[in-house]
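Asks: When we follow the UniProt record's numbering, the leftmost residue of the sequence shown carries the number 1, and every step to the right adds one.
Backbone N, C-alpha and C define an ideal beta-carbon position, used for all residues, glycine too.
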Amino acid sequence: MTSQTPSHIPIENKESMILSECIEIGHSTPLKDIPQNTNHSPNVGTGSAPPPSPPPPPLPPIFFKPFTPAKLPPTPSPPTLGSPNTFLIELLIYNGHPYKDHWAYFIRSPSHISIGVRLHATGDVRNGFRFEIQQEHNLYTTEDIPTKRIPLQWVDGGKH
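(1) Report, in whole angstroms, the separation of the C-beta atoms of residue 78 and residue 154, which I expect to be a contact under 8 Å.
(2) Taking the alpha-carbon positions, what's the residue 92 to residue 128 distance?
(3) Given a threshold of 16 other Cβ atoms within 10 Å of its Cβ, counted over all protein chains shown, does residue 67 qualify as buried or as exposed?
(4) Evaluate the contact criterion for the region 141 to 157 versus the region 79 to 98: three or more CB pairs, one atom per stretch, below 8 Å.
(5) Alpha carbon to alpha carbon, what distance is there between residue 54 and residue 48?
(6) Could you say which of 110, 97, 131 lies nearest to residue 89 if we only look at CA atoms?
(7) According to the neighbour-count rule (16 or more other Cβ atoms, all chains shown, within 10 Å of its Cβ), is residue 106 buried or exposed?
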């Protein structure tokens, strides 16, 4: 009776040498002739693992819309000269950097286009706001010059 003793078969790999154990009766078989289980799980019966599912379909391409600024309403364009006893109301816009711009209303004097009454709120969110009405406000001599003046509408000033 022949005893079964494990024989060590050297397997040469490009990286290292691996010893594989085979139990054979009377002879040794090279490892390349032994069927290999590549998924490293034991084969159960004669069936094999189901094939892997196909990869998901590619995602549809993403098309980015180019940036378009919001449509602003048209700027009012009142006539340059108003009727007698009327005053032009303007919107003054000030640069509020680094915060948002701030604005005020300006009622222009009929005798001079840069002098009038300014209505605006001063302050900030933390300390609160205060509504101010400044008469005889001169837009050319103040240190707070508006970055934009938008004429809005002529209003009736009443009769004197």
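Replies: Looking at the atomic coordinates:
(1) To locate residue 78, count along the sequence shown from 1; it is residue 78. To locate residue 154, count along the sequence shown from 1; it is residue 154. Indeed they touch by this definition, with Cβ atoms about 6 Å apart.
(2) Looking up residue 92 in the sequence shown gives position 92. Looking up residue 128 in the sequence shown gives position 128. About 21 Å.
(3) Numbered from its first residue, the sequence shown carries residue 67 at position 67. Answer is exposed; the Cβ neighbour count stays below 16.
(4) yes
(5) Counted from its first residue, the sequence shown places residue 48 at position 48. Counted from its first residue, the sequence shown places residue 54 at position 54. Roughly 18 Å between the two C-alpha positions.
(6) Walking along the sequence shown from the start, residue 89 turns up at place 89. Closest option to residue 89, Cα to Cα, is 110.
(7) On the sequence shown, position 106 is the one that residue 106 refers to. Buried, since its Cβ has 16 or more Cβ neighbours within 10 Å.
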